[in-house]
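Chains A and B are the protein sequences, given in the same order. Residue numbering for the first sequence follows this note's numbering, starting at 85 and increasing by one per position. Residue numbering for the second sequence follows this note's numbering, starting at 350 and increasing by one per position. Even for Gly, the Cβ is constructed at its ideal location relative to N, Cα and C.
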Amino acid sequence: AQSVTQLGSHVSVSEGALVLLRCNYSSSVPPYLFWYVQYPNQGLQLLLKYTSAATLVKGINGFEAEFKKSETSFHLTKPSAHMSDAAEYFCAVSDDGGYQKVTFGTGTKLQVIP
Amino acid sequence: DTAVSQTPKYLVTQMGNDKSIKCEQNLGHDTMYWYKQDSKKFLKIMFSYNNKELIINETVPNRFSPKSPDKAHLNLHINSLELGDSAVYFCASSDRTGGTDTQYFGPGTRLTVL
Chain A
85 AQSVTQLGSH VSVSEGALVL LRCNYSSSVP PYLFWYVQYP NQGLQLLLKY
135 TSAATLVKGI NGFEAEFKKS ETSFHLTKPS AHMSDAAEYF CAVSDDGGYQ
185 KVTFGTGTKL QVIP
Chain B
350 DTAVSQTPKY LVTQMGNDKS IKCEQNLGHD TMYWYKQDSK KFLKIMFSYN
400 NKELIINETV PNRFSPKSPD KAHLNLHINS LELGDSAVYF CASSDRTGGT
450 DTQYFGPGTR LTVL
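Here's what the structure looks like:
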């Protein structure tokens with residue numbers, strides 16, 4: 085069974101500070117891992133994904149995430165937060181069993197303080 | 350051009366009514382999904398169709414019935430609506446043959462049952 089755990093339902097950072105959103109996964113097979121962002125009153129948008137190529141994945145809007153198998157982690161980072169980064173962020177995992185069932189974490193709400 | 354569209358965007362109705370939500374994707378994807386996002390932002394898969402065939406059917410009351418007339422459309426019909434059905438419902442699509450599991454989400458339908 086696959087699952088993800090996002091540590092911290094709310095994270096606050098100052099504008100210009102480092103953003104770090106934590107995600108740990110559990111999967112019985114090599115996983116596909118995703119980060120999605122949800123802006124208020126909108127659907128989810130893919131930020132980046134890991135599909136067993138490079139362990140450091142770069143996404144849109146300056147975000148990146150590093151896959152660490154030994155730690156079963158896939159934390160999302162951004163060097164300098166912008167006000168426009170305020171949103172809900174979801175980590176997700178999918179095994180490659182063919183049915184593309186994606187399991188989402190409970191989300192982390194990022195607040196950016198001016 | 351909208352990739353995944355849903356109608357209506359807002360739906361307010363009384364308990365006991367029957368309602369439908371429509372979803373269309375113009376990405377040429379072969380797999381479509383319905384998710385329910387509750388008030389705590391928890392996102393849970395309900396159904397998935399691949400080329401009009403049901404492949405994921407989570408534990409969902411049988412008052413919920415998906416219908417896929419073709420691979421570009423996946424509608425959700427809900428009978429005898431209950432207060433607990435109030436949520437945001439998201440449609441998504443992906444390209445199973447592409448094998449990357451990336452899902453593209455619609456803007457959501459906010460259902461309020463009074």
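The contact set of Thr-451/B on chain A, defined by CB atoms closer than 7 Å, consists of Leu-130, Lys-133 in chain order. Residues are counted here when their Cβ sits less than 9 Å from a Cβ of chain A; for the segment 367 to 399 of chain B these are Thr-380, Tyr-382, Tyr-384, Gln-386, Lys-389, Lys-390, Phe-391, Leu-392, Lys-393, Ile-394, Ser-397, Asn-399, given in chain order. Burial state of Leu-132/A is buried, judged by a 10 Å Cβ sphere holding 16 or more other Cβ atoms. When C-beta atoms of the segment 165 to 175 of chain A are compared with those of the segment 132 to 144 of chain A, fewer than three pairs fall below 8 Å, so the two segments do not count as touching. Of all residues in the segment 95 to 128 of chain A, those with a C-beta nearer than 9 Å to a C-beta of chain B are Tyr-116, Phe-118, Tyr-120, Gln-122, Asn-125, Gln-126, Gly-127, Leu-128, reading in chain order. Under the Cβ criterion of 8 Å, Phe-454/B is counted among the residues facing chain A.
DSSP lists Ser-369/B, Ser-414/B as the beta-bridge partner residues of His-426/B. Counting only residues of its own chain and dropping the five nearest sequence neighbours on each side, Lys-393/B has a CB closer than 6 Å to the CB of Lys-385. Listed by position along chain B, the residues whose Cβ is nearer than 9 Å to that of Phe-174/A are Lys-390, Leu-392. Close CB contacts of Ser-369/B within its chain, under the 8 Å cut and outside five residues either way in sequence, are with Asn-424, Leu-425, His-426, Ile-427 (chain order). Proximity of chain B to Gly-191/A at the Cβ level (cut-off 7 Å) is accounted for by Lys-390, in chain order. If you check the CB distance, Val-186/A and Ala-176/A come in under 8 Å.
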